[in-house]
Structure formats: C-alpha cells, structure tokens
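Heads up, the thing below is written out as structure tokens.
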Amino acid sequence: MASRLGYDGVEVMVMSDAVSQDPVALRRLSDHYAVPILSVHAPCLLVTQRVWGTDPWGKLVRAREAAEQLGASTVVVHPPFRWQRDYARDFVAGLDRMAQDTPIRFAVENMYPWRAGSREIKAYSPGWDIRDEDYPHTTLDLSHTSVSGTDARDMALDLGDRLAHVHLADGSGSARDEHLIPGRGTQPCAEVLTDIAGRGFDGTVVVEVSTRRAPDRSAREADLADALTFARRHLGQLPA
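Counting from 225, one number per residue, gives the positions in the sequence shown under the working numbering.
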C-alpha cells in the first residue's frame, strides 16, 4: 500500500508478530516493494514488554542492529516506565553511550500523563516531556501532544536541532491517544510542518495514524493518501 500510494518509505514498529521482529524478512519485503525502511520503532510499549526479551537495553541493541541491517537512520524509543527503575536511572547516560558506537539516532518520543478519572498517574521516568532531559535526538508525536495538552509548535521550537523525527497525526484533545488523520483534529499539524520546514528540518516525517474506523480497504487507502498529501503540501513539497 505504501508503494502504491507513493510514500517515500515506512517505519517498522516491532510488535509481537514474527515478521516485524525479523530484519531478514523485513529486508525481503522492502526490496520486493521497493519501499525503504526509514526507521525502526523499538518494542517499548506495554504490549511488547516481552518482545525481544525483557531487558530494555537488549531491546535497544537489537533495534539498532535491525536499523543497521535495514539501512534505517533512526530508532524511535519511549522513555522508560516508572517501574523500570534501573533502566530509567541510567537512561539518558546510556543512550549517550550507545550513540558513541553508531550513526543510528535514538530519538526519544514525547509521551503524555496517564489519567484515571480525575487523577494523573506518573507512568514514565524521567518523565513524559522530552524537553526536560538532554536527549541528543527526539521524536515529536502530535497525537501525544494532544493527549498531554502541550503546544506542539512550542515543543518543536524548544527541541530545536534535537528534533530528528516527527510522528504526524492529529488529536481532538481527548485523554485517548487517537492518532487521527492530520487535519481532522485540533492539533496545529500544518503549522508544525511549515515551521520545521522553514527551519531546515532534515529528519523524517512519518504518518502514524489509525485507520481502524475506515469501513473498507478503499477508505483506508484514501485516508492514507490524504495524510501523505497533507504532509507534502505543508512541508512545501506541493503547491499550497
């Protein structure tokens, strides 16, 4: 589908399915469809706690190795969960050490506070706001800024040249991580793209949206085509 719609490449999120965990199989698919794999999302979600083992540093090593084998430039990683105390304690320094050994960029993604009713739960350590730590490379996710109530334009500006990767999506301000098609929520998606393009952004913009509500394959393809056109237009690659 990515090839047919004209995407420049894809990001692979390593999940529980065998293919996403296998660089050889992924390389075969990439070559067959002539679609480069531009980034690898490490298995650091709640639902992937046992994918590639349970050692969080081991997961990042394997993600780096996969990225190197696939020709990807970036590994996307979430901040540690609060209960991963040892990992969290050494996270910033550990990423810095790993960066010395590879040109692969470990881009830490902004997250959001978890909520239970009116209570806010601290789920991440050092924290969900990536501006608070000295990460060399970062990922800005616009669905996550919607959940956290963060001004996405301010975050992009604050991150400066540490912004290496963008997950383009939208949100309505809900407490749910919606990943709407850009332009269909309340996030300043167009403005963020225009801003970063104007500042000479040389990283990757990845459409990370949910198409679960699409009634059929045709509607899903139309949504993804709309997202691609939106991105290219506001990055200045198409006429306004």
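Built from N, CA and C at the ideal position, the CB exists for glycine as well.
Using the Cβ count rule (16 or more neighbours within 10 Å means buried), how would you classify residue i?
i: Q461; result: exposed
i: Y359; result: buried
i: R329; result: buried
i: V433; result: buried
i: E344; result: exposed
i: M225; result: exposed
i: G395; result: buried
i: G409; result: buried
Can you give the beta carbon distance from residue i to residue j, rounded, assuming they're within the 8 Å contact cut?
i: V431; j: A451; result: 5 Å
i: R355; j: L319; result: Not confirmed; about 16 Å, so no contact.
i: L448; j: A421; result: At roughly 21 Å, the Cβ-Cβ gap does not stay under 8 Å, so L448 and A421 are not in contact.
i: T435; j: R444; result: 4 Å
i: V285; j: Q245; result: The Cβ separation is near 14 Å, so there is no contact.
i: S254; j: L229; result: About 16 Å separates the two Cβ atoms, so there is no contact after all.
Go through its chain and collect everything with a Cβ distance to residue i's Cβ below 6 Å, but skip five positions before and after it.
i: F315; result: P304
i: G427; result: A388, H389
i: V264; result: V236, A287, A290, A291, A296, V299
i: Y336; result: W352, H368, V371, S372
i: S175; result: With the chain covering 225 to 464 only, the question about residue 175 has no answer from this structure.
i: R321; result: none
Looking only at its chain, what residues have a beta carbon closer than 7 Å to the beta carbon of residue i, apart from the 5 residues adjacent to it on each side?
i: R377; result: P412, E415, V416, D419
i: G233; result: V259, P260, I261, L262
i: Y257; result: S227
i: A438; result: R444, D447
i: E357; result: V316, P350
Go ahead and pull the three-state DSSP assignment for residue i.
i: T272; result: helix
i: W200; result: This structure does not reach residue 200, given that the chain is present from 225 up to 464, and the question cannot be answered.
i: E235; result: strand
i: E292; result: helix
i: R339; result: strand
i: D211; result: A query on residue 211 cannot be resolved here, the shown segment of the chain reaching from 225 to 464 and no further.
i: F315; result: helix
i: F425; result: coil
i: V433; result: coil
i: V300; result: strand
i: E357; result: coil
i: I345; result: strand
i: T326; result: coil
i: L462; result: coil
i: A455; result: helix
i: D365; result: strand
i: D375; result: coil
i: H403; result: coil
i: D246; result: coil
i: S263; result: strand
i: A414; result: helix
Do residue i and the ligand FAD come close, with the Cβ less than 7 Å from some heavy atom?
i: R444; result: The model on display carries no ligand, and the ligand FAD is accordingly not part of it.
Given residue i, which residues of its chain have a CB within under 8 Å of its CB, disregarding the five upstream and five downstream residues?
i: A347; result: F305, R306, M335, P337, W338
i: A249; result: A242, V243
i: R309; result: S349
Step through the CB atoms of chain C and report whether any lies within less than 8 Å of the CB of residue i.
i: E402; result: You won't find chain C in this structure, because it holds only one protein chain.
message: Three or more C-beta pairs under 8 Å: does that hold for the region 264-276 against the region 294-314?
response: yes
Meets three-Cβ-pair contact criterion under 8 Å: the region 382-401 and the region 355-373: yes
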